[in-house]
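Numbering (this note's numbering), first residue to last: -13 to 233.
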């Protein structure tokens, strides 16, 4: 989203005799990266096409949506936010610069974004394992769960599990308990979860509890391998080769 960054990439690519594909990000509400104005995006595209070692490929954006929207809400919000990146695409193309990629859309907008003319790529990824943050996306099921064992039941209504923030993360809040009515996660520390057990429910030492993360992105990088089960049997074990390779 900055010309200085593009020039740095150009120097690095030229020094190594390679060509880098480059896209421009438009800020559309995430308050993170991206040019803020269409004119700034056009100027940056012109700069990129003039630089050796770079190949301008297109534009991108990434959006968030608040609350628990229905499909109509999602369609309205996706159209509103994605319009900006389509406008940027059109403005750059009007300068005679070719665009191959318009990358946008998320898990919450995967279906409605795909219907917007001009979009070539959907970025949604959370649907794969799901998280409670997207509980309104009922067409997807929770695949990523953390198994914890109860190691203490110190007093009535309280149980302690052996999985905490280092196993799950708490970026978006406490995880939910899967298929155990009357049991919730009250708090977590580094290596333990404190469960609140309502009257009529029960947790005893040795019981195992499945937890659904509020956000699976941060949870994924905490494990060396995933164990895949189907119908209660282990079917596959996947090594997480990129663990720790964040930057």
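C-beta atoms are modelled at their ideal positions from N, C-alpha and C, and glycine is treated no differently.
Out of the options, point me to the one whose CA is closest to residue i's CA.
i           : options            : result
residue 23  : 32, 17, 31, 13     : 13
residue 7   : 15, 16, 31         : 31
residue 209 : 181, 172, 153      : 153
residue 188 : 126, 145, 5        : 145
residue 225 : 213, 218, 217, 219 : 213
residue 44  : -9, -11, 193, 106  : 106
residue 230 : 217, 206, 221, 216 : 206
residue 165 : 133, 59, -4        : 133
residue 88  : 82, 97, 109        : 109
residue 55  : 171, 142, 120      : 120
In three-state DSSP terms, what is residue i?
i           : result
residue 93  : helix
residue 46  : strand
residue 211 : strand
residue 27  : helix
residue 11  : strand
residue 78  : helix
residue 118 : helix
residue 69  : helix
residue -6  : helix
residue 222 : strand
residue 108 : strand
residue 34  : helix
Using 10 angstroms around the beta-carbon of residue i, count the other beta-carbons present and answer buried if the total reaches 16, otherwise exposed.
i           : result
residue 236 : Within the shown structure, residues of the chain are numbered from -13 to 233, placing residue 236 beyond reach of any answer.
residue 131 : buried
residue 94  : buried
residue 112 : buried
residue 200 : buried
residue 40  : buried
residue 218 : exposed
residue 197 : buried
Can you name the residues that DSSP bridges to residue i?
i           : result
residue 88  : 45
residue 216 : 219
residue 40  : 6
residue 21  : 12
Under 6 Å from any heavy atom of the ligand MN, does the C-beta of residue i make it?
i           : result
residue 208 : No copy of the ligand MN appears in this structure; indeed no ligand is present at all.
Indicate whether at least one CB of chain D lies closer than 7 Å to the CB of residue i.
i           : result
residue 188 : Judged by its chain identifiers, the structure shown contains no chain D, having just a single protein chain.
Entirely within the segment 139 to 213 and at least 3 residues each: give me those beta strand (DSSP E) ranges in chain order. Complete beta strand (DSSP E) runs here, min 3: 144 to 147, 169 to 174, 179 to 183, 194 to 198.
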